[in-house]
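Okay, so here's the structure we're looking at.
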């Protein structure tokens with residue numbers, strides 16, 4: 001086993017090759033000071049397109065439960081290979097539960113042992129995962145174009161039932177980017193056949209938050225609507241800003 005990186009925040013990353021799979025073993029403390037180093041290491045491992053990437057976090061502690069979301073951001077970084085399955089291994093039940101609460105498990109399955117992860121990887125290799133993205137301009141034409149692309153992509157993927165909710169979600173996300181960041185929105189859609197994930201990235205590090213009205217105390221924002229319609233949603237930091245995402249499924253109805 002050879003050390004790949006050691007970040008200033010006491011995060012050690014070691015790598016080995018197991019058949020055609022890359023295994024990364026992490027030790028230390030995960031926090032905001034080294035989450036970028038973690039993301040970069042995993043993204044670098046995807047470049048050679050191994051059959052899968054297994055990340056063992058048994059020896060890793062999170063400074064805060066929210067620190068686990070660094071793994072979510074890997075899924076939305078530009079250039080990440082969506083066809084390379086990424087799974088986590090954690091031998092501690094409490095940590096697995098914390099990872100699940102953070103939402104990571106929706107994008108990277110978490111297993112208690114390497115053996116169970118290997119079995120899971122074999123199942124993931126047989127799935128059909130579709131993903132497409134589009135860079136949009138920082139002007140109001142992006143609202144119409146994002147809706148057009150969502151309709152086109154989900155129709156091509158035979159997921160027309162998800163289109164009404166997907167249109168609402170992408171409109172909220174793109175509108176927020178234009179109104180609050182001035183960035184060029186990067187829209188990404190991912191589907192496993194049963195659900196779809198809509199994500200929009202921008203160049204602002206400020207997280208997307210639901211805000212209640214100062215007059216009524218009631219949250220009637222676009223993000224409140226997204227939260228009501230989606231299976232899960234979140235705002236995840238990336239190396240260039242953030243990604244706001246939502247998972248929708250057959251139960252997501254207007």
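Numbering (the UniProt record's numbering), first residue to last: 1 to 254.
Note that beta-carbon positions come from the ideal geometry of N, C-alpha and C, so glycine has one too.
Item                                                                                                           : Value
Validate contact between the region 169-181 and the region 99-113 using beta carbons, cut 8 Å, 3 pairs         : no
Residue from 251, 146 and 30 with nearest C-alpha to residue 232                                               : 251
Residue closest to residue 169, alpha-carbon to alpha-carbon, out of 204, 225, 133 and 159                     : 225
Those residues which DSSP pairs with residue 242 across a bridge                                               : 202 and 237
Stretch-stretch touch, CB-based, cutoff 8 Å, three pairs: the region 137-157 with the region 179-188           : yes
contact_flag[the region 91-111, the region 150-158] where n(CB pairs < 8 Å) is 3 or more                       : no
Buried versus exposed call for residue 234 [16 or more other C-beta atoms within 10 Å across all chains shown] : buried
Residue 27 versus residue 159: straight-line alpha-carbon distance, rounded                                    : 41 Å
Residue 30 vs residue 70 beta-carbon contact at 9 Å                                                            : yes
As assigned by DSSP and simplified to three states, the class of residue 101                                   : helix
Within-9 Å CB hit, residue 19 to chain D                                                                       : The structure shown contains no chain D, having only a single protein chain.
Of the listed residues 132, 163 and 19, nearest to residue 51 (C-alpha basis)                                  : 19
Counterpart residues of residue 232 in DSSP-defined beta bridges                                               : 247
Residues that DSSP places opposite residue 191 in a beta bridge                                                : 130 and 196
Integer-rounded CB distance, given that residue 172 should sit under 8 Å from residue 223                      : 7 Å
Start-to-end residues for the alpha helix (DSSP H) that takes in residue 148                                   : 141-156
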